[in-house]
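Read through the structure below, which is laid out as C-alpha cells, and then see the notes.
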Amino acid sequence: MTISRRTFLQCSAALGGAFALGTGLSARARATPEPQILTAQLAEAQIAADGISPVMTYGHGDGPHAGMPPILRMRKGETFAARLVNRLDEPTTVHWHGLRITNAMDGVPEMTQRYVYPGDHFDYVFTPPDAGTFWYHPHCNTLTQMGRGLTGVLVVEHPKDPVFDAEIVLNLRDWRLGAGGKFIDTFKPRDAARGGTYGTLRTANWQREPTYDAPAGGLVRVRIVATDVTRIYTIGLVGADAKVIALDGNPVERPFVLDRIDLGPGQRIDLALRMPESESARVALGNFRGSHPWTIAGFRSVGASLKRDLGDLTPLPANPVAEADLSTAKRIPIDLTATAEHQATPSICGSLGYTFWALNKVPWSGDTPDPVAPIEELKLGRSYVLEIANRTPHAHPIHLHGLSFRILSSNKRSFLPPPTDTILLLPDEQAELALAADNPGDWVIHCHIIEHQKTGMTGYFKIV
Ligand code: C2O
Ligand code: CU
14 MTISRRTFLQ CSAALGGAFA LGTGLSARAR ATPEPQILTA QLAEAQIAAD
64 GISPVMTYGH GDGPHAGMPP ILRMRKGETF AARLVNRLDE PTTVHWHGLR
114 ITNAMDGVPE MTQRYVYPGD HFDYVFTPPD AGTFWYHPHC NTLTQMGRGL
164 TGVLVVEHPK DPVFDAEIVL NLRDWRLGAG GKFIDTFKPR DAARGGTYGT
214 LRTANWQREP TYDAPAGGLV RVRIVATDVT RIYTIGLVGA DAKVIALDGN
264 PVERPFVLDR IDLGPGQRID LALRMPESES ARVALGNFRG SHPWTIAGFR
314 SVGASLKRDL GDLTPLPANP VAEADLSTAK RIPIDLTATA EHQATPSICG
364 SLGYTFWALN KVPWSGDTPD PVAPIEELKL GRSYVLEIAN RTPHAHPIHL
414 HGLSFRILSS NKRSFLPPPT DTILLLPDEQ AELALAADNP GDWVIHCHII
464 EHQKTGMTGY FKIV
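Positions 14 to 477 (the working numbering) are the ones given, in order, by the sequence shown.
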C-alpha cells in the first residue's frame with residue numbers, strides 16, 4: 014500500500030495535535046514523572062588558570078561548587094518533567110533547543126510563557142518526539158546568562174539506539190574572562206556588527222583541552238554540541254577514524270568518514286569513533302578553522318583492544334520528521350541583512366542597546382513585550398519553502414524553534430544534511446528550506462550568534 018505525501022502530512026499533523034493534548038500516547042508516556050529540579054544559580058568555577066570565575070549554572074551541586082549544567086537524559090516518546098527554580102538575581106526561562114515540543118514549553122518569554130523571576134519557579138513537561146543530541150539554555154538576557162555558563166547538553170535516547178562501548182559528551186564553549194578569571198564586557202559593538210565577539214578562553218565541558226579515556230579498539234559515541242554564543246568550529250580528528258552518524262539530532266542517511274565539518278553555534282555532530290588498537294594511543298579532536306588549528310579535547314585508549322569495527326554498528330533509527338509536500342508548498346522569502354545602526358528599546362530580558370541586523374528588513378531582538386508581526390502566518394498542516402538569503406558577508410547560524418526543516422538546495426553546498434533546526438548560512442548563501450507546519454504556536458527564528466539575535470536578527474512564524 015502506498016500512502017500519498019498529502020495523507021502522510023495530514024496524519025502527522027493529526028499526530029502533532031494528539032501530542033499537544035496528551036492523548037494517543039502509551040500509558041508510560043502519559044504518567045507525568047516527578048520533575049527533575051533544575052536550579053539556575055550563581056556559583057564559582059575554576060575555568061581560567063589564574064582565578065575563580067563567578068559563573069551561572071544549572072549544576073546539581075550545592076552553593077558555590079554547583080559544577081557545570083548536567084547532561085539531561087530523556088527517552089523518545091516518554092514524558093519528561095523539570096522544574097526550573099530561579100536563584101539568579103534576574104528573570105530567566107529555559108528553551109529546549111531542537112526539541113519539537115508543545116509551544117507552551119518552548120521557553121520564550123512573552124511569546125510562550127511568563128518571565129520566571131528570582132525566587133520563582135516554572136514547571137516544564139513535554140514528550141520529546143525525536144531521539145538524538147540536543148541542548149538547553151535560557152531565552153532571557155541570553156548573552157550574559159549563556160556567556161556565564163547556562164548552556165547544557167540534552168540527550169534523547171531511543172530503545173533501538175546502536176550499542177557503543179562508551180559515550181563521551183562534549184559541550185564546547187568559550188568564556189570572556191580577564192585577569193584573575195573575572196568576566197569582562199560581554200561583547201564589543203564593532204564586533205557585534207560583524208562576525209560577533211569571541212571569548213578569551215576555549216573549553217570543552219568547562220575544561221581547557223580535557224582528555225577522556227576510552228576502551229582501546231572500542232566504538233565510542235561522541236556527542237559534540239556547540240553552545241558558544243559566537244564561535245563557529247571546523248571539527249576534525251587526528252589519530253583515529255570516525256564516522257559522522259547524526260547532525261543536529263537527526264541521523265545522516267549514510268554515515269560518512271569525518272574529514273572536516275563546520276559546526277556553528279547551536280549545532281551538534283554525533284560521531285562513531287573507533288579508538289586505536291594499542292593502549293595509551295592518543296586521539297585529538299581539533300578545530301581547523303582559521304590558520305592556527307588547536308586541540309579541543311583528547312581521547313586516550315585504555316585496556317586490551319575490544320577489536321571492534323565501525324562496520325559493526327547498526328544504523329540510528331530515523332526520527333519522525335514529516336516531509337514537506339513540495340507540490341503545494343508556499344514559498345516565503347527571508348532576507349538576512351545589516352540595518353542602519355540605531356538604539357534598541359530596553360527590555361526585561363536585557364538589551365544590548367544597539368540594532369545592527371534584520372530579518373526581512375525588520376530588526377527585532379525578541380524576548381520583549383514590544384510586539385512585531387510574524388514573518389508569516391502558516392497554516393497548520395501545510396508545507397512551506399523558505400527562500401532564505403544571506404545578504405551579508407558573515408556566516409549566520411539560523412535556528413528555528415519547534416520544527417525541523419530540510420535543506421532542499423543551496424548555492425554554496427553540495428552535501429545536503431538530514432532535517433535540522435539550525436542552518437549555518439555562509440556569506441552570500443541562498444538556500445531553500447522545506448518544512449511541514451505541523452506544530453501549532455508562535456515559533457521564533459533567529460541567528461544563534463547571540464549578539465546578532467539580540468541586535469535584530471530575530472523574527473517568528475505563527476502556525477495556526
Ligand atoms: Cu538555542 Cu532561540 O535558541
Ligand atoms: Cu548572525
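We put the CB at the ideal spot given by N, CA and C, even for glycine. For clarity, every value in this text was computed on a predicted model and none was experimentally measured.
| Check | Outcome |
| --- | --- |
| Leaving aside the five residues before and after Leu-399 along the sequence, list all residues of the same chain whose C-beta is less than 6 Å from its C-beta, in chain order. | Ile-345, Ile-347, Leu-446 |
| Does the Cβ of Thr-36 have 16 or more other Cβ atoms within 10 Å, making it buried, or fewer, making it exposed? | Because Thr-36 carries a pLDDT of 42, less than 50, the predicted location of this residue cannot be relied on, and no value is offered for it. |
| Buried or exposed: which applies to Gly-74, given that a residue is buried once 16 or more other Cβ atoms fall within 10 Å of its Cβ? | exposed |
| So is Gly-366 buried or exposed if we call it buried at 16+ other beta carbons inside 10 Å? | exposed |
| Once the 5 residues before and after Gln-49 are set aside, which same chain residues still bring their CB inside 6 Å of it? | Ala-95 |
| Is it buried or exposed for Phe-428, if we count other Cβ within 10 angstroms and need 16 for buried? | exposed |
| Within the same chain, show all residues whose beta-carbon is closer than 7 Å to that of Asn-154, passing over the 5 residues directly before and after it, in chain order. | Glu-103, Cys-362, Gly-363 |
| Between which two residues does the beta strand (DSSP E) carrying Asp-272 extend? | Element bounds for Asp-272: n/a, residue is neither H nor E. |
| Can you name the start and end residues of the alpha helix (DSSP H) that Lys-467 belongs to? | 463-467 |
| Identify the residues that DSSP records as bridge partners of Lys-475: which are they? | Glu-390, Asp-455 |
| Excluding the 5 residues flanking Ala-206 on each side, which residues of the same chain have their C-beta closer than 6 Å to its C-beta? | Phe-369 |
| Can you look up Leu-323 in the DSSP assignment and give me helix, strand or coil? | helix |
| Helix or strand or just coil, what does DSSP make of Gln-49? | strand |
| Nearest by alpha-carbon distance to His-134: which of Ala-386, Pro-151, Thr-106 is it? | Thr-106 |
| According to the Cβ coordinates, are Val-166 and Val-182 closer than 7 Å? | yes |
| If you draw a straight line from the alpha carbon of Ala-310 to that of Arg-295, how long is it in whole angstroms? | 11 Å |
| When you compare each of Leu-55, Gly-193, His-414, Pro-228 to Asp-119 by their alpha carbons, which one comes out closest? | His-414 |
| Say the cut is 6 Å; is the CB of Ile-462 nearer than that to a heavy atom of the ligand CU? | yes |
| What separation, rounded to the nearest whole angstrom, lies between the Cα atoms of Leu-323 and Gly-279? | 27 Å |
| When you compare each of Gln-126, Asp-380, Asn-373 to Thr-358 by their alpha carbons, which one comes out closest? | Asp-380 |
| Please list the terminal residues of the continuous alpha helix (DSSP H) segment that includes Arg-203. | 202-205 |
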